[in-house]
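Asks:
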Amino acid sequence: MLEREDAVNIIERLRETRVSARGHAFLLKLDTLIVRLGSKWDVKSELVYEHLKTGFERRFQEPNWCLRINDDAWLAIIPTEGSRRGALSVTEMWRDLGNFFVGDVSEVPVPLYEVQVEDVDRFLLNPIDLKTWFDRPEAGPERVKPITGETTGEAVRTPGQGPQMTNIQRPVMVAATVTLANRTLRIASSNEPLFEMKKMVMIGHRLEPLVVEASDNTLLDRKALANMDWGLRELVDITNIEQGLKILRMREADQRKMLMVVPAAFSTFASQRARQKITHEVAKAANEMGLKVLFEVRGLDGVPPHRVLEIVSLIKPFCMTVVGHVSSDRKVISALAKCGLSGVCIEYDGVKRDDDALSEYLGQLAAAAKQAAGACMVQGFDSYRQMAVARLAGITHASMKAAAMMSPRGAVATAKTVADGLTLSPEGREKLSALERPE
Numbered sequence: 099m100l101e102r103e104d105a106v107n108i109i110e111r112l113r114e115t116r117v118s119a120r121g122h123a124f125l126l127k128l129d130t131l132i133v134r135l136g137s138k139w140d141v142k143s144e145l146v147y148e149h150l151k152t153g154f155e156r157r158f159q160e161p162n163w164c165l166r167i168n169d170d171a172w173l174a175i176i177p178t179e180g181s182r183r184g185a186l187s188v189t190e191m192w193r194d195l196g197n198f199f200v201g202d203v204s205e206v207p208v209p210l211y212e213v214q215v216e217d218v219d220r221f222l223l224n225p226i227d228l229k230t231w232f233d234r235p236e237a238g239p240e241r242v243k244p245i246t247g248e249t250t251g252e253a254v255r256t257p258g259q260g261p262q263m264t265n266i267q268r269p270v271m272v273a274a275t276v277t278l279a280n281r282t283l284r285i286a287s288s289n290e291p292l293f294e295m296k297k298m299v300m301i302g303h304r305l306e307p308l309v310v311e312a313s314d315n316t317l318l319d320r321k322a323l324a325n326m327d328w329g330l331r332e333l334v335d336i337t338n339i340e341q342g343l344k345i346l347r348m349r350e351a352d353q354r355k356m357l358m359v360v361p362a363a364f365s366t367f368a369s370q371r372a373r374q375k376i377t378h379e380v381a382k383a384a385n386e387m388g389l390k391v392l393f394e395v396r397g398l399d400g401v402p403p404h405r406v407l408e409i410v411s412l413i414k415p416f417c418m419t420v421v422g423h424v425s426s427d428r429k430v431i432s433a434l435a436k437c438g439l440s441g442v443c444i445e446y447d448g449v450k451r452d453d454d455a456l457s458e459y460l461g462q463l464a465a466a467a468k469q470a471a472g473a474c475m476v477q478g479f480d481s482y483r484q485m486a487v488a489r490l491a492g493i494t495h496a497s498m499k500a501a502a503m504m505s506p507r508g509a510v511a512t513a514k515t516v517a518d519g520l521t522l523s524p525e526g527r528e529k530l531s532a533l534e535r536p537e
């Protein structure tokens with residue numbers, strides 16, 4: 099992680115200030131922030147580091163100091179404070195940084211590492227889990243100070259009371275970087291809520307990645323992912339699954355629901371090494387969390403049906419069922435008949451349509467999917483309005499983009515109500531429109 103030039107700089111600074119870094123050196127990885135900022139990172143990176151430096155200097159005087167690392171991390175040396183207080187201070191700076199540039203990051207695991215400086219070629223990084231790292235002799239009663247206006251749950255009001263906290267699922271993302279053959283990608287994973295549409299009930303989550311080209315911060319779409327080198331795609335899929343499972347484990351048992359959708363490319367499932375790793379890790383996690391597994395095979399456009407059937411047969415013993423992920427071309431959907439799949443998953447194209455046009459579009463997809471494989475899942479809706487229209491159009495399952503999910507508990511009931519209202523009255527349409535208006 100550390101460039102040799104940075105390492106030499108750190109060693110020299112430590113010698114100049116005659117302080118020990120042991121227990122007082124903390125590294126913040128900025129991958130999550132970089133992914134969330136996307137193409138804006140190049141413009142805002144200097145502001146990000148300046149924000150960290152200013153915040154640090156406001157809190158600490160010499161011999162404490164900080165340093166930018168590798169253009170994607172930041173190091174703080176805080177010898178005047180205890181290890182615990184130093185870690186808490188850097189955590190506060192991380193949350194303040196996120197709140198300033200991208201919004202609330204309180205539900206994201208703090209990307210904080212303890213740095214042990216041995217020599218120029220020996221830097222040890224240990225992840226700091228704030229739930230357990232403080233179980234040490236110097237641990238005291240301090241708590242991380244929340245940012246003004248920040249809450250970790252949904253604030254709701256009851257008659258005569260102020261805001262109360264309920265246990266909801268805010269969007270959580272975990273990011274990592276992978277490199278193969280001099281190509282570097284950043285993978286940000288989240289849990290997309292999955293709904294059974296007939297009853298409008300949330301039944302689980304899809305372990306969904308956002309993949310960004312590190313060289314120019316370009317977000318890769320489905321076509322770019324499909325054309326990716328198979329070895330690199332395998333790394334992306336495995337990293338996403340590992341991160342997605344990590345997020346699921348962070349949730350309370352009742353938040354996980356009953357199902358996890360685990361996506362990976364056809365080429366990844368076709369690799370015996372990757373397939374064994376995925377099925378083993380997923381089975382272990384499913385058993386631990388009491389969840390059923392649905393494997394989603396992606397990139398099936400143009401794959402011969404007998405090859406699809408072969409891969410489905412290899413992974414079906416390790417899950418409840420398997421669905422295939424293809425483009426919205428009805429001929430491609432029809433080609434999935436007799437491939438052993440239980441359904442077809444289609445990524446929503448993001449085109450803006452009015453209710454009637456959207457209903458017609460989704461109805462055609464639902465009919466094609468039902469004829470080919472049974473269930474029709476649509477992935478990546480932007481709003482509850484689209485979900486409500488999809489329900490009436492015959493879509494059996496659908497997922498929301500994680501960023502669109504802000505208060506699922508209340509929204510599920512509302513979406514079901516307004517979906518019924520679409521066919522009943524003008525008031526129903528008004529309620530549906532209200533879902534998209536800011537509160």
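For what it's worth, my numbering labels the leading residue of the sequence shown as 99, then goes sequentially.
Even glycine gets a Cβ: it sits at the ideal position worked out from N, Cα and C.
Taking its Cβ as the centre, do 16 or more other Cβ atoms sit within 10 Å of Val449, making it buried, or is it exposed?
Replies: What you label residue 449 is simply residue 351 of the sequence shown in a count that begins at 1. Val449 is exposed by the Cβ-count criterion.
Asks: Whose CA, out of Glu179, Leu186, Gly136, Trp172, lies closest to the CA of Val200?
Replies: Reading the sequence shown from its first residue, position 102 is the one you call residue 200. It is Gly136.
Asks: If you draw a straight line from the C-alpha of Gly422 to the C-alpha of Arg396, how long is it?
Replies: Along the sequence shown, one-based indexing puts residue 422 at 324. Along the sequence shown, one-based indexing puts residue 396 at 298. Near 6 Å, if we compare the C-alpha coordinates of Arg396 and Gly422.
Asks: Assuming Gln484 and Ile444 make a contact with CB atoms under 8 Å, what is their CB distance in whole Å?
Replies: Counted from its first residue, the sequence shown places residue 484 at position 386. Counted from its first residue, the sequence shown places residue 444 at position 346. Not confirmed; about 13 Å, so no contact.
Asks: Report yes if the CB atom of Lys382 is closer than 7 Å to the CB atom of Met356, and no otherwise.
Replies: Walking along the sequence shown from the start, residue 382 turns up at place 284. Walking along the sequence shown from the start, residue 356 turns up at place 258. In this structure, Met356 does not lie closer than 7 Å to Lys382 by Cβ.
Asks: Please state whether the Cβ-Cβ distance between Leu308 and Ala286 is less than 7 Å.
Replies: In the sequence shown, counting from the first residue as 1, residue 308 sits at position 210. In the sequence shown, counting from the first residue as 1, residue 286 sits at position 188. Going by C-beta atoms, Leu308 is nearer than 7 Å to Ala286.
Asks: Are the Cβ atoms of Val359 and Leu392 separated by less than 7 Å?
Replies: For this step, residue 359 is matched to residue 261 along the sequence shown. For this step, residue 392 is matched to residue 294 along the sequence shown. Their beta carbons are under 7 Å apart, which means Val359 touches Leu392 by this criterion.
Asks: Which two residues bound the contiguous alpha helix (DSSP H) that contains Val380?
Replies: Reading the sequence shown from its first residue, position 282 is the one you call residue 380. Residues 370-387.
Asks: Between which residues of its own chain and Asp314 is the CB-CB distance below 7 Å, once the five residues before and five after are set aside?
Replies: Within the sequence shown, the letter at position 216 stands for residue 314. If we look at Asp314 and ignore the five residues flanking it on each side, it has no Cβ neighbours.
Asks: Using only the alpha-carbon positions, how far apart do Asn338 and Leu305 sit?
Replies: In the sequence shown, the residue the question calls residue 338 occupies position 240. In the sequence shown, the residue the question calls residue 305 occupies position 207. Between Asn338 and Leu305, the alpha-carbon positions lie close to 7 Å from each other.
Asks: Who does Leu305 pair with in a DSSP beta bridge?
Replies: Counting from one through the sequence shown, the residue named residue 305 turns up at place 207. The partner list for Leu305 (beta bridge, DSSP) reads Asn289.
Asks: Need the endpoints of the alpha helix (DSSP H) that His122 sits in, please.
Replies: Taking the first residue of the sequence shown as position 1, residue 122 is located at position 24. Premise fails: His122 is in no alpha helix (DSSP H) and is neither H nor E.
Asks: Please go through the same chain and pick out, in chain order, the residues whose beta-carbon is closer than 7 Å to the beta-carbon of Gly472, but skip the five residues on each side of it.
Replies: By 1-based counting over the sequence shown, the position of residue 472 is 374. Around Gly472: Ser440, Gly441.
Asks: With DSSP as the reference, label Gln159 as helix, strand or coil.
Replies: In the sequence shown, counting from the first residue as 1, residue 159 sits at position 61. Three-state DSSP puts Gln159 in coil, outside helix and strand.
Asks: Bridge partners of Leu497, per DSSP?
Replies: For the purposes of this step, residue 497 is taken as the residue at position 399 of the sequence shown. Going by the sequence as given, residue 497 is Ser instead of Leu. Note: Ser497 sits in a beta bridge opposite Leu292.
Asks: Quick check: the stretch 481-496 against the stretch 426-436, are at least 3 beta-carbon pairs closer than 8 Å?
Replies: no
Asks: Could you check where the beta strand (DSSP E) with Val420 kicks off and where it finishes?
Replies: Position 322 of the sequence shown, counting from 1, holds the residue named residue 420. That run of the beta strand (DSSP E) goes 419-424.
Asks: Identify the residues that DSSP records as bridge partners of Lys390: which are they?
Replies: Reading the sequence shown from its first residue, position 292 is the one you call residue 390. Paired residues: Leu357.
Asks: Measuring only the C-alpha atoms, how far is Glu394 from Pro209?
Replies: Sequence index remark: in the sequence shown, residue 394 carries index 296 (1-based). Sequence index remark: in the sequence shown, residue 209 carries index 111 (1-based). Computed Cα separation, rounded: 29 Å.
Asks: Among Glu160, Phe158, His149, Ser181, which residue has its Cα nearest to the Cα of Arg166?
Replies: Reading the sequence shown from its first residue, position 68 is the one you call residue 166. Considering only alpha carbons, the answer is His149.
Asks: Which residues in the same chain have their Cβ closer than 8 Å to the Cβ of Arg234, if we skip the five residues on either side of it in sequence?
Replies: Your numbering for residue 234 matches position 136 in the sequence shown. Residue placement at Arg234 is poorly supported in this model, since its pLDDT is 48, which falls under 50; the coordinates are not used for a value here.
Asks: Among all the DSSP beta bridges, which residues are the ones paired with Thr316?
Replies: By 1-based counting over the sequence shown, the position of residue 316 is 218. DSSP, once it has assigned bridges, lists Glu311 as partnering Thr316.
Asks: To the nearest angstrom, report how far apart Ile493 and Arg373 are at their CA atoms.
Replies: Here the question's residue 493 lines up with position 395 in the sequence shown. Here the question's residue 373 lines up with position 275 in the sequence shown. Roughly 30 Å between the two C-alpha positions.
Asks: Which value, in whole angstroms, describes the spacing of the CA atoms of Ser497 and Ala486?
Replies: By one-based count along the sequence shown, residue 497 stands at place 399. By one-based count along the sequence shown, residue 486 stands at place 388. So the two alpha carbons sit approximately 12 Å from each other.
Asks: What did DSSP end up calling Arg396 once you bin it into helix, strand or coil?
Replies: Mapped onto the sequence shown, residue 396 falls at position 298. The answer is strand: DSSP assigns Arg396 an E or B state.
Asks: From this set, Glu311, Leu490, Ala351, Ala470, which residue's C-alpha is nearest Trp139's C-alpha?
Replies: Taking the sequence shown and counting its residues from 1, the one referred to as residue 139 is at position 41. The shortest C-alpha separation from Trp139 is found at Glu311.
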